[in-house]
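Written out below as structure tokens is the structure these notes cover.
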Amino acid sequence: MNCPFCRYADSRVVDSRSTEDGTAIRRRRQCPECGRRFSTIESASLTVVKRSGATEPFSRAKIVSGLRKSCQGRPVGEDDLALIAQRVEEAVRSTGAAEVDAHEVGLTILGPLRELDEVAYLRFASVYQGFSSLEDFESAITLLRVERDAASSGEAASPAGPGVSAPLRGT
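Residues 172 to 342 (our numbering) make up the sequence shown, in order.
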């Protein structure tokens, strides 16, 4: 690491700490040439691979934007959306992969969104899962009701019925 003061080509790490959100490491360094100290922030890059094969950097802002569309007109605050985006990023980063499919990011969004607001979840799932008929919505709603009833009675939910794909259930 070059010293930002004297441009010496090396430096010594004095202290390392994780940032509050755990996505980066803050390192305190000292230049052996001029003796001055400076900080660096190191973060692992995370790339999303889209269906077309194109790649782009992971963006919490893009997740929040998509969630905002699903939650339009619903009693959901910006803080709730930011929290979901953070949870999604943490889950995706915890896999340890440098590249993740956009499909996996979408699956990771479904679970926390469902906990937040079932209507927003259905909106997101209908676009994400490509619902093409009323039966797709009916199956999703039936599954939500069965799982909600099972959760309230303390039982395990029954498996998805015909026509409902497993990813619809969230992660």
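Glycine included, each C-beta is placed from N, C-alpha and C at the ideal position.
Buried or exposed: which applies to F295, given that a residue is buried once 16 or more other Cβ atoms fall within 10 Å of its Cβ?
-> buried
Below 8 angstroms between beta carbons: does that hold for S216 and R198?
-> no
Could you check where the beta strand (DSSP E) with F209 kicks off and where it finishes?
-> R208 to S214
Name the DSSP beta bridge partners of V220, please?
-> In the DSSP output, where bridge partners are listed per residue, V220 has T226 and D272.
Option nearest R264 by Cα separation, candidates R231, I312 and R178 = Here the closest residue by C-alpha is R231.
Closest by CA to V271, which one among L287, G282, F229 and E289?
-> F229
Return the chain-ordered list of same chain residues with a C-beta closer than 6 angstroms to the C-beta of Y179, the five sequence neighbours on each side being excluded.
-> C202 and E204
Cβ-Cβ separation, A269 to R234 (assumed contact under 8 angstroms), whole Å = Residue 234 is actually Ile in this sequence, not Arg. That pair is no contact at about 18 angstroms.
With burial defined as no fewer than 16 other Cβ atoms inside 10 Å of the residue's Cβ, what is the status of S304: buried or exposed?
-> exposed
For V184, name the three-state secondary structure that DSSP assigns.
-> V184: strand per DSSP, three-state reduction.
When burial is assigned at 16 or more other CB atoms within 10 Å of the CB, is R285 buried or exposed?
-> buried
Own chain residues within Cβ distance below 6 angstroms of I212, not counting five before or after | A195 and R197
Can you tell me whether DSSP reads R199 as helix, strand or coil?
-> In the structure shown, R199 falls within a strand segment according to DSSP collapsed to helix, strand and coil.
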